[in-house]
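Last residue of the sequence shown: 332 (the numbering used here), numbering continuous. The structure under discussion appears below in the form of structure tokens.
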Amino acid sequence: MSELRLLKKIPTWVQYLLVAGVIWLLPIVLSGSAYWKGILVVIAMNIMLAMSLNLILGYTGQLNLGHSAFFGVGAYATTLLIKKAGFTFWFAALSGSFLAGAVGIFLAFFATRLKGHYLAIASMAFAIILHQILLNWDSMTSGPLGIYGIPAPTPIHLFGTEIKFNNSVNLFYLVATVTMVTYIILGNLLRSPIGDTLRAIREDEVSAASLGINAKLWKIFAFGVGAFIAGLAGSFYPSFVGTLVPDAFAVVESFTYLAMVIVGGMGTMFGPIIGAIVLTILPELLRGLGDARLLVYGISLTLVVLFMPGGILQAFQTIKNKLFKSH
């Protein structure tokens with residue numbers, strides 16, 4: 006019996022413990038590099054963004070090109086509640102996430118009447134509008150100058166010990182924990198009848214409606230949950246970078262998240278995670294090439310799309326099946 010088949014027999018809770026162990030070890034392995042510890046935080050946030058977009062695109066087939074807007078709503082709402090209203094990070098982050106979810110539901114209420122490229126254009130237009138609001142609402146967002154001096158998440162007390170998040174290691178553990186919990190909840194959700202409903206809508210909305218499925222309601226649900234998760238990722242972003250500028254949420258960022266989902270393998274749980282890791286690390290590895298890195302990065306993405314149309318995960322599964330078939 007192959008090692009991969011043996012892995013399938015490992016209880017799910019044991020697999021989660023193994024993943025938690027890897028997460029705990031990563032900062033230790035990278036103990037000599039403060040820079041790469043910071044990249045770990047970015048990877049954890051990008052995984053949340055990719056998973057949330059995958060829920061909307063990969064599971065319900067809605068081409069959302071405005072995902073950066075939900076990320077921005079979560080980030081700005083959290084920051085403003087902390088800086089201007091004096092709330093703790095935890096209350097602000099939760100409020101910002103719910104606000105992003107509410108914005109997603111509001112957008113979906115109108116946008117779900119559209120399909121295909123019309124929905125893509127509408128969602129992209131929404132992201133552009135939000136970006137312009139952030140740029141021009143000087144009294145609230147400080148415009149293009151941005152907001153500075155954003156504090157780290159409020160310390161917590163665990164087993165009599167105060168845990169501070171003013172360093173990249175502890176912040177990584179925090180964001181990675183939230184990311185893992187999000188993955189578990191999404192996984193259970195998509196393995197339930199709700200997941201079957203969303204996939205039915207993606208495959209054939211007319212047939213789904215004939216079975217009594219309210220496609221519009223479930224697409225709004227997917228948009229709302231996806232926007233909430235994106236907003237949750239956004240709530241950690243200001244504390245990580247310490248500053249907040251509108252360009253971090255420009256519409257072009259939505260295409261990066263879209264690439265993560267497609268490259269990893271949309272419509273799967275693990276694919277977007279692979280895509281987020283690869284497309285976060287690759288630009289950093291190519292940074293030494295200067296301007297040529299953009300050319301190499303673009304060629305790499307093109308090759309993946311051409312030769313792995315189902316994403317890296319599907320390509321890996323195809324290779325695995327061929328290898329085991331030959332034995």
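Note that beta-carbon positions come from the ideal geometry of N, C-alpha and C, so glycine has one too.
| Item | Value |
| --- | --- |
| For residue 265, collect the residues of the same chain with a Cβ closer than 7 angstroms to its Cβ; drop the 5 residues on either side in sequence, then sort them by chain order. | 51, 55, 277, 280, 281, 284 |
| Under three-state DSSP, which class holds residue 52? | helix |
| Might you give, ordered along the chain, the residues of its own chain that have their beta carbon closer than 6 angstroms to the beta carbon of residue 101, omitting 5 neighbours on each side? | 79, 82, 83, 236, 240 |
| Taking DSSP as the reference, what is the three-state secondary structure of residue 216? | coil |
| According to the neighbour-count rule (16 or more other Cβ atoms, all chains shown, within 10 Å of its Cβ), is residue 67 buried or exposed? | buried |
| Report yes or no: do three or more beta-carbon pairs, one from the segment 210 to 217 and one from the segment 105 to 117, lie closer than 8 angstroms? | no |
| Nearest-angstrom Cα distance between residue 128 and residue 208? | 21 angstroms |
| Does the segment 168 to 181 touch the segment 113 to 126, meaning 3 or more C-beta pairs lie closer than 8 angstroms? | no |
| Does residue 155 come out as helix, strand or coil in the three-state DSSP assignment? | coil |
| Pull up the CB-CB distance for residue 271 and residue 62, whole angstroms please, since I reckon it's below 8 angstroms. | 6 angstroms |
| Would you tell me roughly how many angstroms separate the C-alpha atoms of residue 153 and residue 274, rounded to the nearest one? | 36 angstroms |
| Between residue 269 and residue 176, what straight-line distance do the alpha-carbon atoms span, to the nearest angstrom? | 25 angstroms |
| Please determine, among 204, 151, 65, 19, the residue with the shortest C-alpha to C-alpha distance to residue 248. | 151 |
| I'd like the list of long-range same chain contacts for residue 250, defined as Cβ closer than 6 angstroms, with 5 residues on each side in sequence excluded. | 151 |
| Spatial neighbours of residue 6 within its chain, please: C-beta separation below 8 angstroms, excluding the five flanking residues on both sides. | Residue placement at residue 6 is poorly supported in this model, since its pLDDT is 36, which falls under 50; the coordinates are not used for a value here. |
| Below 8 angstroms on the Cβ atoms is my contact criterion, and I expect residue 60 with residue 191 to pass it. Report the Cβ-Cβ distance as a whole number of Å. | 7 angstroms |
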